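J.:
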Amino acid sequence: MLSEWLVDIPGDLEEEWLMVACPVGRRNLVVAAKGTTKAYTKGGYCVNCFPSALPGGRKGAYSSKEYTILDTIFCEASRTFYVLDVMCWKGHPVYDSETDFRFYWLQTKLQEEPGVGEHSNTNPFVFVALKNTPCQRLSIQQRLAETFHYEVDGLLFYHKRTHYTFGCSPLVGWLKPHMLPDILGIPAPTITVETSVMDTIHESDEDSIETMETGNTARRKKGRRRRKKGGSEKMEAEVSTEPVVDE
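Residue numbering for the sequence shown follows full-length UniProt numbering, starting at 1 and increasing by one per position.
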């Protein structure tokens with residue numbers, strides 16, 4: 001269920017819409033079934049396979065009728081799937097349920113399921129339901145004034161009465177926080193993120209840079225070996241700029 005830019009403000013925004021502050025991350029569809037959990041991109045590619053504490057998500061702890069499908073945003077730094085929405089829980093589909101019920105169901109079921117909110121060998125990634133907020137002006141301001149456990153990317157606006165649909169929907173809107181003054185007339189928020197979270201993000205960024213540099217070095221060395229094996233002794237990174245002197 002993908003969003004469109006919230007350009008035209010609905011007349012019933014305050015009464016019939018909910019806001020979700022979304023973390024920076026990758027949108028993933030998570031499917032837990034037959035004793036394993038898989039994460040898929042928006043394009044349908046499987047990008048990860050792992051055990052989880054979700055119903056149907058790990059070997060030895062599921063029945064053939066148990067499966068769970070979640071709409072999530074994956075944050076690599078904290079190894080967390082932030083859950084936006086639920087399509088099916090423990091074999092019970094809720095596609096045709098309204099948004100406010102799905103959000104209530106999601107919050108309730110994740111709280112009831114032991115182990116989903118903790119890192120462990122059988123649950124290497126945690127699952128956290130994202131908080132939703134009524135779209136009254138004061139409620140939005142209060143929510144964005146809170147301290148967040150993640151770096152905020154943008155704001156999703158869901159109509160309370162819509163069913164879950166695949167693809168883009170005009171009943172799901174998207175704004176960046178800095179757009180609030182122009183679109184909704186709400187002062188731009190100063191979003192606060194927990195210090196420990198920012199430290200984790202910075203460490204993850206440094207690790208990513210180091211991994212990229214290591215990978216680049218390895219690829220250069222591999223390329224040199226291939227060129228040498230092919231009969232050429234010349235290595236681009238080791239060409240001397242000094243003149244050759246005949247003795």
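Just so you know, even glycine gets a beta-carbon here, dropped at the ideal spot from N, CA and C.
Please read all numbers here as calculations on a predicted model, not as lab measurements.
Which word fits Lys58, buried or exposed, when buried means at least 16 other C-beta atoms lie within 10 angstroms of its C-beta?
T.: As a position in the sequence shown, residue 58 is number 58, starting the count at 1. For clarity, residue 58 is Arg in the given sequence; the question names Lys instead. So Arg58 ends up on the buried side.
J.: Hey, how far is the Cα of Ala188 from the Cα of Glu151?
T.: By 1-based counting over the sequence shown, the position of residue 188 is 188. By 1-based counting over the sequence shown, the position of residue 151 is 151. Their Cα atoms are separated by approximately 16 Å.
J.: Take every Cβ of the region 21 to 32, pair it with every Cβ of the region 140 to 159, and state whether three or more of those distances are shorter than 8 Å.
T.: The region 21 to 32 is in contact with the region 140 to 159.
J.: May I ask you to list the residues that DSSP assigns as paired with Thr162?
T.: Numbered from its first residue, the sequence shown carries residue 162 at position 162. Thr162 is not bridged to any residue.
J.: Please name the residue or residues paired with His178 in a DSSP beta bridge.
T.: As a first step, residue 178 must be located in the sequence shown, where it is residue number 178. In DSSP, His178 forms no bridge with anything.
J.: In terms of residue numbering, what span does the alpha helix (DSSP H) encompassing Tyr104 cover?
T.: Sequence index remark: in the sequence shown, residue 104 carries index 104 (1-based). Thr99 to Glu112 is the span of the alpha helix (DSSP H), which, as asked, contains Tyr104.
J.: Short check: CB of Leu6 to CB of Asn132, under 9 Å?
T.: Looking up residue 6 in the sequence shown gives position 6. Looking up residue 132 in the sequence shown gives position 132. No.
J.: In whole angstroms, what is the alpha-carbon distance linking Pro10 and Val116?
T.: Along the sequence shown, read from residue 1 onward, the residue named residue 10 stands at position 10. Along the sequence shown, read from residue 1 onward, the residue named residue 116 stands at position 116. About 36 Å.
J.: State the beta-bridge partners of Met19 as determined by DSSP.
T.: Position 19 of the sequence shown holds residue 19. DSSP lists Thr133 and Phe157 as partners of Met19.
J.: Which partner residues of Glu76 appear in the DSSP bridge assignment?
T.: If you number the sequence shown from 1, residue 76 lands on position 76. DSSP output for Glu76 lists no bridge partner at all.
J.: Please determine, among Gln136, Ala145, Glu146 and Phe166, the residue with the shortest C-alpha to C-alpha distance to Phe157.
T.: Sequence index remark: in the sequence shown, residue 157 carries index 157 (1-based). Among Gln136, Ala145, Glu146 and Phe166, the Cα nearest to that of Phe157 belongs to Gln136.
J.: Report the CB separation of Ala32 from Asn123 in whole angstroms; it is logged as a contact under 8 Å.
T.: Start at 1 with the first residue of the sequence shown, and residue 32 comes out as number 32. Start at 1 with the first residue of the sequence shown, and residue 123 comes out as number 123. Contact doesn't hold; Cβ gap of about 11 Å is too wide.
J.: Which of the three DSSP states, helix, strand or coil, is assigned to Leu144?
T.: In the sequence shown, counting from the first residue as 1, residue 144 sits at position 144. Residue state, collapsed to three classes: helix.
J.: Specify, as a first and last residue, the run of the beta strand (DSSP E) that Lys38 falls within.
T.: For this step, residue 38 is matched to residue 38 along the sequence shown. Thr36 to Tyr40 is the extent of the beta strand (DSSP E) around Lys38.
J.: Among residues of its own chain, excluding the 5 on either side of Asn28, which ones have a beta-carbon nearer than 6 Å to its beta-carbon?
T.: Taking the sequence shown and counting its residues from 1, one reaches residue 28 at position 28. So the list reads Ala39, Thr72 and Phe74, once near-sequence residues are dropped.
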